[in-house]
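For reference, the structure discussed in these notes is given below.
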Amino acid sequence: MNPKLYDLIHGNKKSKIDSTEELSKYDIALEAAIAEEADKIMQAQDPNINKFSTPEQRKAQIAREITESINLDQMGDLLNNAFHILCTEGKNYLESESYEILIIDIQSMVQRLDTLDPISLDDNTLNKALNFSPLGIHSILKISIAKFEEGFLKESLALSTLLTILEPKEVDFWFRQGIIAKSCAIYDLAIYAFDVVNDLAPEFIGGYIIKAECYLDSTNKDQAIALMPKIKTLAETTIEEKWKKNVIDLETLLSA
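Sequential numbering of the sequence shown, starting at 74, is according to our numbering.
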């Protein structure tokens, strides 16, 4: 199971966890998910990468990188903020019927999450628990867009983050999260979002371009340079007019 999905459970349940036994239960489940993800990454890697390290050392390194990429406190805060906005401000942005359906979706999801056992949890079980109605998803997106237009970027980011968890295969939601996280200068979250965009839509040049911009903005020029071969390859085939200037600007900045 993708360990990133434990962020939602942590955000939903962290206020309820008050015993060493309960913490241990979640820690054990999270460690198992990280180990499983590390195994998947190792199997997909070129065996000649880090060939001077043992398999155990490579797996440990991958597990450390995964662990470092998971910021449970940050994710928990974003999700708690998202639910607070929906419950307290949703009626200001939605018709009464849409708001009522949204609240029912939230209440039903919380009830389903409360029944889950993290030790035996898998992607399929969690995805079923995270089921929202199409109208509920549309309502969250509507409020997120409104918050962004009003200049409340962190509120919009919180709602966009929730959307990526409710609809993890929806490229537009990940792209939107990445754009807003970049605007908030939360570059680790933005880069992760664009990683997902690039996995889901590998031929979409925008994900690579803005990921490179994130690296530049966070003074990580080498990582931005490493993305340029892929960007140039995509630019040689099909590229929308609006991205051409971004490619030129990137090349100019990286050559400085």
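No residue lacks a Cβ here, since even glycine has one placed at the ideal position from N, Cα and C. All of these numbers come straight from a predicted model, not from anything done at the bench.
Asked                                                                                                                                                              : Found
Could you tell me whether the Cβ atoms of S217 and L236 are closer together than 8 Å?                                                                              : yes
Three or more C-beta pairs closer than 8 Å, one from the segment 171 to 187 and one from the segment 275 to 282: is that the case here?                            : no
Taking all protein chains shown into account, decide if T234 is buried (16 or more other Cβ within 10 angstroms of its Cβ) or exposed.                             : buried
For I282 versus G251, is the C-beta distance shorter than 8 Å?                                                                                                     : no
Taking a contact to mean a Cβ-Cβ separation below 8 Å, would you say N154 touches E228 in this structure?                                                          : yes
Spatial neighbours of Y288 within its chain, please: CB distance less than 6 Å, with the 5 preceding and 5 following residues excluded, ordered by chain position. : Q296 and A297
Could you tell me how far apart the beta carbons of L208 and S171 are, in whole angstroms, since I believe they sit closer than 8 Å?                               : 6 Å
CB-CB under 8 Å to S14, same chain, minus the five flanking residues each way: which ones, in chain order?                                                         : No information on residue 14 is available, as it lies outside the stretch 74 to 329 that the chain covers here.
Once DSSP output is grouped into helix, strand and coil, what is the label at D187?                                                                                : helix
With respect to the alpha helix (DSSP H) encompassing G280, which residues constitute its N-terminal and C-terminal limits?                                        : I278 to D290
Which term fits E223, buried or exposed, when burial requires 16 or more other beta carbons within 10 angstroms of its beta carbon?                                : exposed
Could you tell me the alpha carbon to alpha carbon distance between I312 and E173, rounded to whole angstroms?                                                     : 42 Å
Rounded to whole angstroms, what's the CA-CA distance from E168 to K215? Just pull it up for me.                                                                   : 11 Å
Assuming L55 contacts I238 under a Cβ cut-off of 8 Å, what Cβ separation, rounded to an integer in Å, is found between them?                                       : Shown here, the chain extends from 74 to 329; a query on residue 55 therefore has no answer.
Which first and last residues belong to the alpha helix (DSSP H) in which A308 is found?                                                                           : K294 to T310
As a quick exercise: from E314, A285, T198 and T310, pick the residue whose alpha carbon is nearest that of E324.                                                  : A285
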